[in-house]
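A.B. asks: Right, I'll just put the structure down here and ask away after.
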């Protein structure tokens, strides 16, 4: 992605503007590789739809799709489909996301289940207190209500 720069009209005639000049006059700049909130929302919405499309896929420890998944493997798969890279495990995925509060969570954010400081499970927030996830051996990808308050939220960048 190339840098996008919004230059106020008074600077347009002056030619090149530095980041400091932009900041001084209230401009904005997006660094290469960064995404806007709107782009992040689009990625999250698409990822959520892909997760839902995997409904009924069997759980398999260590599996990353396309037909079987463990919890973090499902997140890795759906975000890869929308062009986002996530690490392999739920803990690594938590470490990679932008951490947000429950009040700021949105559909498509990741929900991390933890015990103390250790993350042991992940799903993707579907709204109304529910997640899509691949829960455990013997189960399948499904939509389920969040069953505990021991969760943290993260937004994929």
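Residue numbers (this note's numbering): 13 to 169.
We put the beta carbon where it would ideally sit given N, CA and C, even for glycine.
Alpha carbon to alpha carbon, what distance is there between residue 97 and residue 63?
C.D. replies: Distance between the alpha carbons of residue 63 and residue 97: 15 Å.
A.B. asks: Which whole-angstrom value is the C-beta distance of residue 120 and residue 57, which I expect to be below 8 Å?
C.D. replies: At roughly 6 Å, the Cβ-Cβ gap stays under 8 Å, so residue 120 and residue 57 are in contact.
A.B. asks: If you reduce the DSSP assignment to three classes, tell me which class residue 166 lands in.
C.D. replies: Residue state, collapsed to three classes: strand.
A.B. asks: Quick check: the Cα distance between residue 137 and residue 150, rounded to an integer number of angstroms?
C.D. replies: Using only the alpha carbons, I get a separation of about 22 Å.
A.B. asks: Sorted by chain position, which residues of the same chain lie with C-beta nearer than 6 Å to residue 89's C-beta, five sequence neighbours on each side aside?
C.D. replies: Correct list, in chain order: 76 and 77.
A.B. asks: Taking Cβ to Cβ, would you say residue 153 is nearer than 7 Å to residue 69?
C.D. replies: Yes, the pair counts as a contact, with Cβ atoms nearer than the cut-off.
A.B. asks: So the alpha helix (DSSP H) residue 81 belongs to, where does it begin and stop?
C.D. replies: First-last for residue 81: undefined, no H or E at that position.
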